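**Q** Please find one structure pasted underneath; my questions will follow.
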Amino acid sequence: MWFGSTRDCSPRATLDQALQAGLAPDGGLFVPMEIPGINRNTISPDLDLPECAARVLAPYFEHSRLADRLPAICRQALDIDLPLNALHGDPKAWVMELFHGPTAAFKDFAARFLAACLDALSETRQSVPKSVQTVLVATSGDTGAAVAAAFHGKPGFRVVIVYPDGRVSARQAHQLGAFGDNIHAFRVQGDFDDCQRMVKHLLATAESVQRYRLTSANSISIGRLLPQISYYALAASSLASCGSIDFIVPTGNLGNALACILAREMGFPIATVTLATNANRTLPDFFSGNDYRGRPGLQTLANAMDVGDPSNFERLAWIYRDRDPRDAAIRAESVDDAAIQARIQTEYRRHGQVICPHTACAMEVLRRLRNQGHDRPVVVAATAHPAKFEQVIEPLIGQTIQPPPELARLLQRPARAEAIAPEPAALERALEGLDHA
Ligand SMILES: *Cc1c(COP(=O)(O)O)cnc(C)c1O
């Protein structure tokens, strides 16, 4: 399997090269040159996620140095609980809980998988002298923690996290600064799009890439996108007796939902994919017929989705380069803060269900669709544990929310993050500072 760039101006790369580079040399995102079809019968519903992932991802790992180790990588990285719960009061709806990893958000699946791949790659390349690789990550809250947890204490790696100061929840910020050791957090005086721009700039600068042995762990990394396909494949396979399934996915940078779309293109029984965004309307505007227009991110209660110019749009456009993605059974719906709050309250009062603000966007979209007479089987992706957003949720439901044990442990440690300006040069200086520290 070969990987190319969404901008079509880079030589083709192997998966191993794509994993290590993060971003293609022309500044584009790596994409598989073809989307492999899958024989659905090889995915029986009684597989667990690591087994399912090893089969679903095998075609992408053909000719990779990691091909033989893929099952072990999946076992090590993706052994995370994945409940698919029937939704109260709706016989044809399920909630897929993606937040049972160490940092209580869906990004654990992808971050752990990427870390396991990069680790395995550095082990299989004994000849090169081992200097520390720097994993650069821009985060709107959850990516940074997931990547930090995945690489924490791994020899040969350090993680540099940049996040928008004051725009992540207090617990998220604490979590980012609390790892210590080989994890370094910087708070940027700007928004998430600034953070993303800084990281992209450095990754596109050959000199910095070489000097710091930079690699990326953002959702722009192909090693993050691929593993996410597996839980959609497994959910769709296990509900196949209900026919093809619609999915509603809380969406910001479009990584998670794109994995769902890829699962469908591979042949899994998935019908419409609905992107549930917060008040950031870039994708809903595009899918309702307007030209794509990236814009600054708006701050909302579902802060991990405060993205005005989703990176993975480039991949979506590339995948549908021969036709209009608006004809591809993809829908996008925006949910504003007032609707998020009302949805959190209503789900709690009616069903005793506590949901995070991101999941609330998807749940609101489901309830709207049902009100419009939509009666197809639907899976809602629940992307974070509500305890990460207790400052939003607790006042709405009048209850305190206990963090899961791993999160609780992290929150008890001291946290530290240095402030930097929203410019690539500031990030470069920060990297330099680490080398001299
Ligand atoms: C990152 C994140 C999202 C958005 O996912 P994308 O892949 O960026 O679209 C949604 N919910 C939570 C809780 C997140 O952390």
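So the sequence shown is numbered by this note's numbering: it starts at 101 and just counts up by one.
No residue lacks a Cβ here, since even glycine has one placed at the ideal position from N, Cα and C.
Small disclaimer: the values here were computed from a predicted structure and weren't measured.
Which same chain residues, not among the five before or five after Leu166, have their C-beta less than 8 Å away from its C-beta?
**A** Within the same chain, Leu166 has close Cβ partners Leu115, Asp116, Ile173, Cys217, Ala220, Leu221, Thr224.
**Q** Consider the C-beta atom of Asp436 and the heavy atoms of ligand 1; say whether any pair is separated by less than 6 Å.
**A** It does not: the Cβ of Asp436 is nowhere closer than 6 Å to a heavy atom of ligand 1.
**Q** Across which residues does DSSP place Met196 in a beta bridge pair?
**A** DSSP lists Leu184, Ala481 as partners of Met196.
**Q** Comparing C-alpha positions only, which one of Asp424, His485, His474 sits nearest to Ile444?
**A** If we check each option's Cα against that of Ile444, His485 comes out closest.
**Q** Am I right that Lys192 and Pro503 are in contact with their C-beta atoms under 8 Å? What's the rounded C-beta distance?
**A** In fact, because the Cβ distance is near 32 Å, the residues do not count as touching under 8 Å.
**Q** Using the Cβ count rule (16 or more neighbours within 10 Å means buried), how would you classify Gly290?
**A** It counts as buried.
**Q** Could you say which of Val262, Ala278, Leu401 lies nearest to Gly352 if we only look at CA atoms?
**A** When only C-alpha atoms are compared, the closest one is Leu401.
**Q** Going by C-alpha distance, which of Leu187, Ala154, Ile430, Asn403 is nearest Phe413?
**A** When only C-alpha atoms are compared, the closest one is Ile430.
**Q** What do you reckon, is the C-beta of Ala154 under 6 Å from a heavy atom of ligand 1?
**A** No, since every heavy atom of ligand 1 falls outside the 6 Å radius drawn around the Cβ of Ala154.
**Q** Exposed or buried, which one is Glu464 when buried takes at least 16 other CB atoms within 10 Å?
**A** The residue in question, Glu464, is buried, as its Cβ has 16 or more Cβ neighbours within 10 Å.
**Q** Just reading off the beta strand (DSSP E) that Val131 is part of, what are its end residues?
**A** Looking at the DSSP string, the run of the beta strand (DSSP E) that includes Val131 is 130-132.
**Q** Tell me which residues share the same chain as Leu236 and place their Cβ nearer than 6 Å to its Cβ, disregarding the 5 neighbours each side in the sequence.
**A** Taken in chain order, the residues that qualify are Val260, Val299, Leu314, Ser316.
**Q** Hey, is Met405 close to ligand 1, as in C-beta under 6 Å from one of its heavy atoms?
**A** Answer for Met405: yes, Cβ within range of ligand 1.
**Q** Taking all protein chains shown into account, decide if Glu307 is buried (16 or more other Cβ within 10 angstroms of its Cβ) or exposed.
**A** With fewer than 16 other Cβ atoms within 10 Å, it is exposed.
**Q** Pick from Thr203, Met101, Met133: whose alpha carbon is nearest that of Arg107?
**A** When each option's Cα is compared against that of Arg107, the closest is Met133.
**Q** Measuring only from the beta carbon, is Ser319 closer than 6 Å to any heavy atom that is part of ligand 2?
**A** Although ligand 2 was asked about, the structure shown includes only ligand 1 as ligands.
**Q** When DSSP labels each residue in this structure, what does Ala517 get in the three-state scheme?
**A** Looking at Ala517 - three-state DSSP - the assignment turns out to be coil, as it is neither helix nor strand.
**Q** Round the Cβ separation of Pro524 and Leu302 to the nearest angstrom and send it over; I've been treating them as touching at under 8 Å.
**A** Going by Cβ atoms, the distance from Pro524 to Leu302 rounds to 6 Å, so yes, they are a contact pair.
**Q** Using only alpha-carbon positions, find the residue among Gly277, Asp168, Gly256 that is nearest to Ala246.
**A** Closest by alpha carbon: Gly277.
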